[in-house]
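**Q** Numbered by the numbering used here, the letters in the sequence shown go through residues 3 to 93 in order. Here's a structure for you.
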Amino acid sequence: MAVDFEDGPGRFPTTRALDDARLWFTCSQGRFSGAELLRLPGSRGQLTLVSTGEGAGPVIWWVFALATELPDLSVEGSGRQIRVLGQTFRL
């Protein structure tokens with residue numbers, strides 16, 4: 003399964019079974035490109051996403067969303083709170 007990166011967030015391709023929704027993934031402190039997607043040594047296709055998190059604060063949020071469009075993600079409160087898809091999550 004191919005992964006595409008759209009200005010930072012990643013996404014898996016659409017499928018008809020999911021009403022053309024995509025699985026999006028992003029990180030509150032990072033932007034991704036294909037350079038961070040690596041094949042695991044000795045594998046026949048398994049991939050891993052590698053990110054150093056340089057400059058990240060004490061909290062790193064990962065967001066996975068099943069949607070037709072990339073949802074808005076806002077980070078608040080020194081990184082200890084995020085808002086995505088109308089929901090607020092706090093630490």
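Glycine included, every Cβ here is placed at the ideal spot set by N, Cα and C.
Can the beta-carbon of Ala23 be found less than 8 Å from the beta-carbon of Thr70?
**A** yes
**Q** Less than 6 Å between C-beta atoms, sequence neighbours within five positions excluded: which residues of the same chain meet that for Gln83?
**A** Arg92
**Q** Looking only at its chain, what residues have a beta carbon closer than 8 Å to the beta carbon of Val86, apart from the 5 residues adjacent to it on each side?
**A** If the five residues before and after Val86 are omitted, its C-beta is found closer than 8 Å to the C-beta atoms of Val65, Ala67, Pro73, Asp74, Leu75 and Ser76, all from its own chain and listed in chain order.
**Q** If you check the beta carbons only, do Phe34 and Leu51 fall under 8 Å apart?
**A** yes
**Q** Pro60 to Gln89, Cα distance in whole Å?
**A** A direct Cα-Cα distance of roughly 21 Å separates Pro60 from Gln89.
**Q** Run through the DSSP bridge pairs and tell me what Glu78 is partnered with.
**A** Gln83
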